[in-house]
Structure formats: C-alpha cells, structure tokens
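Trainee: Pasting in a structure now, in structure tokens, and then I'll have a few things to ask.
Number of protein chains: 2
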Amino acid sequence: MKIEKQYFTYDASEKGQQLDSGLVLSPVTIAYETIGRLNHSRDNAVLICHAFSGDSHVADLYWDDPSESNPGWWDFMVGPGKGIDTDRYFVICCNILGSCMGSTGPSSINPETGKAYGLDFPMVTIGDMINAQKQVLAHLGITKLHSVIGGSVGGMQVLEWCVRYPEMIKSAIPIATTMRHSALAIAFNEIARQAIMADPLWNKGDYYHSSGPGLGLAVARMIGHVTYLSDEAMRRKFGRKLQDKEDFSFNFEADFQVESYLRHQGSKFARRFDANSVLYITKAADYFDLADNVNTRESLQDLRGNRSKFLVISYTSDWLYPTYQARELVKALKRTGQDVSFCEIEADCGHDAFLIKDIRLTNLIRGFLDGIEDA
Amino acid sequence: MKIEKQYFTYDASEKGQQLDSGLVLSPVTIAYETIGRLNHSRDNAVLICHAFSGDSHVADLYWDDPSESNPGWWDFMVGPGKGIDTDRYFVICCNILGSCMGSTGPSSINPETGKAYGLDFPMVTIGDMINAQKQVLAHLGITKLHSVIGGSVGGMQVLEWCVRYPEMIKSAIPIATTMRHSALAIAFNEIARQAIMADPLWNKGDYYHSSGPGLGLAVARMIGHVTYLSDEAMRRKFGRKLQDKEDFSFNFEADFQVESYLRHQGSKFARRFDANSVLYITKAADYFDLADNVNTRESLQDLRGNRSKFLVISYTSDWLYPTYQARELVKALKRTGQDVSFCEIEADCGHDAFLIKDIRLTNLIRGFLDGIEDA
Chain A
1 MKIEKQYFTY
11 DASEKGQQLD
21 SGLVLSPVTI
31 AYETIGRLNH
41 SRDNAVLICH
51 AFSGDSHVAD
61 LYWDDPSESN
71 PGWWDFMVGP
81 GKGIDTDRYF
91 VICCNILGSC
101 MGSTGPSSIN
111 PETGKAYGLD
121 FPMVTIGDMI
131 NAQKQVLAHL
141 GITKLHSVIG
151 GSVGGMQVLE
161 WCVRYPEMIK
171 SAIPIATTMR
181 HSALAIAFNE
191 IARQAIMADP
201 LWNKGDYYHS
211 SGPGLGLAVA
221 RMIGHVTYLS
231 DEAMRRKFGR
241 KLQDKEDFSF
251 NFEADFQVES
261 YLRHQGSKFA
271 RRFDANSVLY
281 ITKAADYFDL
291 ADNVNTRESL
301 QDLRGNRSKF
311 LVISYTSDWL
321 YPTYQARELV
331 KALKRTGQDV
341 SFCEIEADCG
351 HDAFLIKDIR
361 LTNLIRGFLD
371 GIEDA
Chain B
1001 MKIEKQYFTY
1011 DASEKGQQLD
1021 SGLVLSPVTI
1031 AYETIGRLNH
1041 SRDNAVLICH
1051 AFSGDSHVAD
1061 LYWDDPSESN
1071 PGWWDFMVGP
1081 GKGIDTDRYF
1091 VICCNILGSC
1101 MGSTGPSSIN
1111 PETGKAYGLD
1121 FPMVTIGDMI
1131 NAQKQVLAHL
1141 GITKLHSVIG
1151 GSVGGMQVLE
1161 WCVRYPEMIK
1171 SAIPIATTMR
1181 HSALAIAFNE
1191 IARQAIMADP
1201 LWNKGDYYHS
1211 SGPGLGLAVA
1221 RMIGHVTYLS
1231 DEAMRRKFGR
1241 KLQDKEDFSF
1251 NFEADFQVES
1261 YLRHQGSKFA
1271 RRFDANSVLY
1281 ITKAADYFDL
1291 ADNVNTRESL
1301 QDLRGNRSKF
1311 LVISYTSDWL
1321 YPTYQARELV
1331 KALKRTGQDV
1341 SFCEIEADCG
1351 HDAFLIKDIR
1361 LTNLIRGFLD
1371 GIEDA
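What follows is the structure, encoded as structure tokens:
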C-alpha cells in the first residue's frame, strides 16, 4: 500500500480564523499524508507532528515514486506492525504552516500581489500551526486523537495541541522537546537567522526570482545541524580524521572530515529548503512558551479541565533541549493533574536521536499506545 | 606605573626560520607589552599567552591613554600584589602571529606587493606563534620562563611552549584548554569561517581597500561567543527576557535580550577585528594537537627529558573544552613524568570563566607561582 501527498485548502477569512499576531492569512493550504484507515468510530487517529525542517512524508513510499528512494523521515517507526502500527492506527502528518513542503509559507504566492509572500508572510506561531492542522482533521472528520506524537519542534506542536484543544487529545508523546526555548536555543536560532539575512542574495526576503541566499542558508543549516548532534557522537563519527588527505592542506580547504560533512549538509539543505521558512519556523519555535505566552494564547491552566496520558521522552546527550527541561515539563504537566510517564533514553547521538532507528523508542511508543487502547 | 605597547621586528629569512608549513614569513613584527622588572638573574619572567581575539594588553593602563578606559584583558589577575604579582614577576604578553593587534598577520603589508597579505599570508600554527614569541624573549634577554600562563588558545600556546622548548619552561598553567580540538570545536570554527567566506565583501580575503565582510564576521563572532558562554549563564543573564518591549514584535527584530546582546557582540567585534585573522587563528587552533601533529613538529615525547610543574585548570560549565579533555591532558603530562596539579573550578559561566574576576583563580595561580619560587 503506497501513499500520496494530499492538499487541503481553506478560507481562513471566511472562518474568521486569526493568527496569534492578530493578522489573517488566507487562503491556507496544508499538505498532508495519511497511512492506514480511519475506523468507523473515528477514534483510531494518530497525528504525527514533524520537526523544524521535516515534511508530511512521515513513512511509506509514494505510489508515483519509481525510484522508491524516499521512504519518509520516520519510516522505522510508522507502518504495519511497527511502533506506530498503521494496521491499527490511522496516521496523519501535516506539513507545518510557514514551511515550504506543500503548505502555505513565505514562498507561496500571495493572492494579493501574485508574487511570493517573502517577508509579507505574517509571523506564525506553533499555535497557528496547530489551528491549521485542526482544519485538516475537521476535513477528515476527526474530532478526537488517539494520540499526538512528535519530536523537537514537533514536540512543541504536541504540547500546543494539548493546551489549545485538550478535549481532542486522548494521549500525547512529546519527544526531545521543551516547554520553552532557553536563551541558548534562541541564540542558535538567532545566529542562523542572521546568517541568512547577512547574505545579500536574501534581499530582505525577496529572492524568489533569483538564486536566493544559498550561502547564508548553508551556514544557518550548519549551525542548526551541530546543535542536533553531540560532542560524543561527533568524536565517534569524525574525531580528527582528515578528508581524503594524509596531512594538513595549510589552506582553507576542508582538512577535517567534520568540515566536509558540515559543508555538504549545508549545501544540501540550501538546495531543498526555503530560507524564509527557516526564519519563520525558528521564530515560531523561539516564541513558543507552554506556560505563558502572547496575549491571545491559552496557557497550561487550560489543561486542568482535562486528563490526558502523556509519555515524555528525552535523550541523555541532547544539549539543545536537555533532560532538565523535560523534567520541568513533566512537573508542570503533573501539577495540572495529567497522567505523565517520563523516560530518559541513554543515547550519545544528541538531539536528533529520535530520528535514528532505536528499538527502545519503538517499544516505548508501542507500549504506551497499547496502554491507551486498554484504557 | 603605566605601560606602552612595543614592537619587535626580525628577519626570519636571515635566521632561517621556517613556518610549520615549510614556508618562510619575513619580516615578522610582534607587538608585546611588559609589566614589572626583569631581575638581575633574569629568572622572574612570566609569559602570558592571550586567547583567540585578545592582544598584548594584558593589564595596566597605557601611559598615553587619557581616558584610562582600557585596563587590559586580565587586569584583575596581573599587577602589583595581584595573583600574578608584577612587584615580583616580569610579565610579558605578545600579540600572536596571524592576529591584527600589532603583530604580523593577514592585514599586514606584504613587502613583496606593497599591499595587505590577505590570503597570501601563509598558514601559521600554534608552534609558529611560539617561535615568534621566542624571538621576543631572546630580544629581551630571557632564556628561561618562571612560568607560562594562558587560557583557551592561550592555553594551547602554553602547552606548545612546553613541548617545543621544555628546557625554557620552569612551570606552566594551561587554563580552559585542550590537547587537541574535538570534532565539535572544529565544527564551530569551520562554521565561523564559512560565515566569513560566505560574505561577498570578503572577496577571497582581498577587502582591505573596502569595508570588508562586516556582516559575515559578525555572524562568525556570534557563533564563537555562544561557545564561550553556557546554558546556565545564559539562562541566568537573559532567560527569555524581552528587549525594551512588553510583547513579541511578530517580525524579525530582536525580541529577546539575548538576540540584541548577540547582535551587539557581533557588530562590536566586526569593528575591531580582522576577518582574515579569524580564519587564520581558528585554523591554527584546529590544527593544534599536542600529541601528534604535522610532520615537522615536536610531540609530547619531547617533554620526557624535562620535568616542569604544571597547574591544569578547567571549568565545570566549559562545554567547548570540557573537563574530560583537561583530564586527558593531565594523564598525558603525567605519563611523561611531569609534576602536574589539576583543579576543576565550579563555575556556571562557561569557557570564558577565566576572564571573569574570581578570587579562587587568583589564589590558585598565586599559590602555584609561590610554590615554584620555593622550589
């Protein structure tokens, strides 16, 4: 069974749907993919929220992909008989608002001008992303989620779902995430943004007619990429190994493998991702604060009326959202009377550990979802 | 007693002095400052090695500085009656080769062309920096150092002194440093270099007739600056405090104080430092490897004939050169029969802790130097 990317477009003006900034963005298109079947009681839906640079293609192959080379970013977790079993669950994954992988974002055409939005795209929050996903769920006839699951910025969406629409959430699995960005996390995002905006080809966000700020975007990605790894993993993977040479070059070529690797990651990302989307999504992540945020948004208090099951997962070597931040989240959730399990997984590969096949994570998620089933 | 910056120039060709790359750089000027008096037996000299972006102005005021606003980067440590007591010791601090604070570097005039070297400046190593400093010591009539002291890249110089010229070193205090850069440290340096080289105003290093790559250099500094801080210190200092506003701007202005702070640090640095010097000095730091390095250089084995006293100091919150790396250094030194003391200082302010006034560091260094005196 193969899948395809689908698109749902709605008129936010008509629905009176404002962004957290007070502005209205309309129309909104959300790219999404589904795997499995929604059952008759419509209670087996699992929403998976992707991380910063991810997309709706969470697992499986596209039916029209002859190369079959793109099995999705969480294919080891999602599928028949896997941790999130698509024989039992109807899995949905939406590309986030503000991204560039099919959903409306700064690279989309602004109907008012006929040109790409660029910086005319309004700032969006994690809450705005959730509101857009809710429209997709409504379109699919889903009013309750068996579970909402995601890592990193996906984990922020999980938490935001729980405070915005607690009545819709039976259970939630926030992974490698935080209630709010620390100054350190904001700092790295800000440096990435500055790297993009320092590139003259960024041109104040108006570059869709040209090649765009590829060099600045590559630097931004290198910064991000390092924060997703760990000292241990980098020592193990690269150490001080030289790249295709026996001695130093004594120039500014890449001497060390880690240099080549980062340059490759940077330029690869610059070819596939939109620089303005990096600006908007990093800002949304920086703004995110589960407990206290902008004037218009709900707070953790809104959970009090509801009791969901939570499985909070952190990784020992994640220094972007370290375990102490997961513990803060666990405490905050418990204070509102939620049913919270917490697991810190020992892993040396840093923040991105949840994207790396690991039977422990699979078993944890499978067991937790089974428990919901029984409840 | 006030001081002045001095300059010593020598002809490296005449001396037959090659760089580790095999090239010859000549003439070489080293800017240096001295505080205190060299005694008659010429055995009270203490060499202080500055970190990456430092200079020869380690302490005291310039006699011709009417504002008296620039007391030196380690003024709390160096002076009459201070941790490094200039009533007893003759303190020397040289600006490193490759820098832009008076010593020969890529912004210096290439006598062959009459223009700034730019990328025609040869790659220099930490060992090359030490060789240049040795010329200054010879000029001052110093053949033995009571101690050589420095933090970060200054600490690498300390260690390099000990392997290159062990017979000249009575004692050494490497602080917040490492025997060799980890992949993580190389990664951050490489990203900083890429940020500079991505700026079109860098112009392959040939920008001395124009304004230069100010934006790229600012991004490079922001990256460096974050690695000098710590998660804890940034939470304490900035947290999620907003900059001069009560709510989010919903645009790409600096919302958070940490963003303004980093932007300020970046642009301030871009005004005072040369972008090419960042490239050369970071590369020298990446190349540095105390135990095994380029073909021409000495190794840790060369310490075996000599016995010096070492005080190795690390900081609990230094994640650029974490304590485990200091412990590796201590073990390596002990294996060669050195007399090594080690102290990890509990401090939450990260790698740059040694630049922040702390009576514990002062007392440690004072006590250690006193011990040498008694020996």
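The listed protein sequences derive, respectively, from chains A and B. If you count by the numbering used here, then the first sequence holds residues 1 to 375, one letter each, in order. If you count by the numbering used here, then the second sequence holds residues 1001 to 1375, one letter each, in order. All C-beta atoms, glycine included, are put in the ideal place defined by N, C-alpha and C. In this text the structure is predicted, and so the values were computed from the model without any measurement.
Please return the same chain residues whose Cβ sits closer than 8 Å to the Cβ of residue 243/A, not counting the five positions on each side in sequence.
Mentor: Taking the first residue of the first sequence as position 1, residue 243/A is located at position 243. The residues are 254, 255, 256, 257, 259, 260.
Trainee: Going by Cα to Cα distance, which pick from 1048/B, 1229/B, 1112/B is closest to residue 1150/B?
Mentor: The count along the second sequence starts at 1 and reaches residue 1150/B at position 150. Ranking the options by Cα distance to residue 1150/B, first place goes to 1048/B.
Trainee: So which residues on chain B does residue 238/A lean against when the C-beta distance must stay under 7 Å?
Mentor: Walking along the first sequence from the start, residue 238/A turns up at place 238. Chain B residues near residue 238/A: 1183.
Trainee: Which of the three DSSP states is assigned to residue 365/A in this structure?
Mentor: Stepping through the first sequence from its first residue, residue 365/A is reached at position 365. Helix.
Trainee: I'd like to know if residue 172/A contacts chain B, where contact means its C-beta is closer than 8 Å to some C-beta of that chain.
Mentor: In the first sequence, the residue the question calls residue 172/A occupies position 172. Closer than 8 Å: no.
Trainee: Between the alpha carbons of residue 1099/B and residue 291/A, how many angstroms are there, rounded?
Mentor: Position 99 of the second sequence, counted from the first residue, corresponds to residue 1099/B. Position 291 of the first sequence, counted from the first residue, corresponds to residue 291/A. Using only the alpha carbons, I get a separation of about 47 Å.
Trainee: For residue 1198/B, would you say it is in contact with chain A, using Cβ-to-Cβ distances shorter than 8 Å as the test?
Mentor: Within the second sequence, the letter at position 198 stands for residue 1198/B. True, the Cβ-Cβ gap to chain A drops below 8 Å.
Trainee: Would you give the residue range spanned by the alpha helix (DSSP H) that residue 1339/B belongs to?
Mentor: By one-based count along the second sequence, residue 1339/B stands at place 339. No alpha helix (DSSP H) holds residue 1339/B; the beta strand (DSSP E) holding it covers 1339 to 1345.
Trainee: Within its chain, find whatever has a CB closer than 7 Å to the CB of residue 1338/B; leave out the 5 residues flanking it on each side and keep chain order.
Mentor: Looking up residue 1338/B in the second sequence gives position 338. Hits under 7 Å: 1303, 1307, 1308, 1310.
Trainee: Starting from residue 259/A, find everything on chain B with Cβ-Cβ shorter than 7 Å and list it in chain order.
Mentor: By one-based count along the first sequence, residue 259/A stands at place 259. 1186, 1190, listed in chain order.
Trainee: In the DSSP output, what is residue 1079/B paired with across the bridge?
Mentor: The residue labelled residue 1079/B in the question sits at position 79 within the second sequence. Paired residue(s): 1085/B.
Trainee: At least one CB of chain B closer than 8 Å to the CB of residue 268/A: is that the case?
Mentor: As a working note, residue 268/A is residue 268 in the first sequence. By this cut-off, residue 268/A is not an interface position.
Trainee: So, is the C-beta of residue 228/A closer than 8 Å to a C-beta in chain B?
Mentor: In the first sequence, counting from the first residue as 1, residue 228/A sits at position 228. False, the Cβ-Cβ gap to chain B never drops below 8 Å.
Trainee: Starting from the beta carbon of residue 219/A, find every residue of chain B whose beta carbon is closer than 8 Å, and list them in chain order.
Mentor: Within the first sequence, numbered from 1, the residue matching residue 219/A stands at position 219. Here the neighbours are 1191, 1194, 1195, 1198, 1219.
Trainee: Which one of 207/A, 186/A, 213/A, 181/A has the shortest CA to CA distance from residue 1195/B?
Mentor: Within the second sequence, residue 1195/B is the residue found at index 195, counting from 1. Ranking 207/A, 186/A, 213/A, 181/A by Cα distance to residue 1195/B puts 213/A first.
Trainee: Is the Cβ of residue 147/A closer than 8 Å to any Cβ of chain B?
Mentor: Walking along the first sequence from the start, residue 147/A turns up at place 147. No, residue 147/A lies away from the interface with chain B (no Cβ there is under 8 Å from its Cβ).
Trainee: Relative to the alpha-carbon of residue 1093/B, which residue among 1087/B, 1157/B, 1065/B has its alpha-carbon at the smallest distance?
Mentor: Taking the second sequence and counting its residues from 1, one reaches residue 1093/B at position 93. Checking every option, the nearest Cα to that of residue 1093/B belongs to 1157/B.
Trainee: Determine whether the Cβ of residue 244/A lies closer than 8 Å to any Cβ atom of chain B.
Mentor: Translated into positions along the first sequence, residue 244/A becomes position 244. Cβ-Cβ to chain B under 8 Å: no for residue 244/A.
Trainee: Any beta carbon from chain B within less than 8 Å of residue 295/A's own beta carbon?
Mentor: The residue you call residue 295/A lines up with position 295 of the first sequence. In this prediction, residue 295/A has a pLDDT of 34, which is less than 50 and means its spatial position is unreliable; nothing more can be read from the coordinates.
Trainee: Quick one: any contact between the region 215 to 224 of chain A and the region 271 to 279 of chain A, if contact means 3 or more CB pairs under 8 Å?
Mentor: Contact between the region 215 to 224 of chain A and the region 271 to 279 of chain A is present, because at least three Cβ pairs lie under 8 Å.
Trainee: So what does residue 235/A bridge to, in DSSP terms?
Mentor: Here residue 235/A corresponds to residue number 235 of the first sequence, with the count starting at 1. Answer by DSSP bridge pairing: none, since residue 235/A is not bridged.
Trainee: What are the boundary residues of the beta strand (DSSP E) that residue 1387/B is part of?
Mentor: The structure shown does not extend to residue 1387/B, since chain B is modelled only from 1001 through 1375, so no value can be given for it.
Trainee: Any idea what DSSP makes of residue 218/A, helix, strand or coil?
Mentor: Numbered from its first residue, the first sequence carries residue 218/A at position 218. The answer is helix: DSSP assigns residue 218/A an H, G or I state.
Trainee: In whole angstroms, what separates the C-alpha of residue 117/A from that of residue 129/A?
Mentor: On the first sequence, residue 117/A is found 117 positions in, with the first residue counted as 1. On the first sequence, residue 129/A is found 129 positions in, with the first residue counted as 1. Their backbone Cα atoms lie some 17 Å apart in a straight line.
Trainee: For residue 59/A versus residue 46/A, is the C-beta distance shorter than 8 Å?
Mentor: Residue mapping note: residue 59/A aligns to position 59 of the first sequence, counting from 1. Residue mapping note: residue 46/A aligns to position 46 of the first sequence, counting from 1. Against a cut-off of 8 Å, the Cβ pair of residue 46/A and residue 59/A comes out as no contact.
Trainee: Against chain A, which members of the region 1119 to 1150 of chain B pass a CB distance test of less than 7 Å?
Mentor: Answer in chain order: 1123.
Trainee: So the candidates are 1348/B, 1065/B, 1206/B, 1120/B; which of them puts its Cα closest to the Cα of residue 1236/B?
Mentor: Residue 1236/B sits at position 236 when you count from the first residue of the second sequence. Ranking 1348/B, 1065/B, 1206/B, 1120/B by Cα distance to residue 1236/B puts 1348/B first.
Trainee: Do residue 1005/B and residue 1063/B come within 8 Å of each other at the CB atom, strictly closer than that value?
Mentor: For the purposes of this step, residue 1063/B is taken as residue 63 along the second sequence, with counting starting at 1. For the purposes of this step, residue 1005/B is taken as residue 5 along the second sequence, with counting starting at 1. Going by C-beta atoms, residue 1063/B is not nearer than 8 Å to residue 1005/B.
Trainee: Identify the residues that DSSP records as bridge partners of residue 1145/B: which are they?
Mentor: Counted from its first residue, the second sequence places residue 1145/B at position 145. Its beta-bridge partners are 1169/B.
Trainee: By DSSP, does residue 58/A sit in helix, in strand, or in coil?
Mentor: Translated into positions along the first sequence, residue 58/A becomes position 58. Correct three-state label for residue 58/A: coil.
Trainee: Under 8 Å by Cβ, that's how I've got residue 952/B and residue 1008/B pegged, so tell me the actual separation to the nearest angstrom.
Mentor: In the structure as shown, chain B starts at 1001 and stops at 1375, and residue 952/B therefore has no counterpart that could be examined.
Trainee: Between residue 250/A and chain B, is any beta-carbon pair separated by less than 8 Å?
Mentor: Residue 250/A sits at position 250 when you count from the first residue of the first sequence. With 8 Å as the cut-off, residue 250/A counts as an interface residue toward chain B.
Trainee: Would the C-beta of residue 30/A count as close to the ligand FAD, meaning under 7 Å from any of its heavy atoms?
Mentor: The model on display carries no ligand, and the ligand FAD is accordingly not part of it.
Trainee: Using DSSP with H/G/I as helix, E/B as strand and the rest coil, what is residue 1174/B?
Mentor: The residue given as residue 1174/B occupies position 174 in the second sequence. Correct three-state label for residue 1174/B: strand.
Trainee: Measuring only the C-alpha atoms, how far is residue 1190/B from residue 44/A?
Mentor: In the second sequence, residue 1190/B corresponds to position 190, counting from 1. In the first sequence, residue 44/A corresponds to position 44, counting from 1. Computed Cα separation, rounded: 47 Å.
Trainee: Run through chain A and tell me which residues come within less than 8 Å of residue 1256/B, C-beta to C-beta.
Mentor: As a working note, residue 1256/B is residue 256 in the second sequence. Near residue 1256/B (Cβ distances below 8 Å), the residues of chain A are 183, 186, 190, 286.
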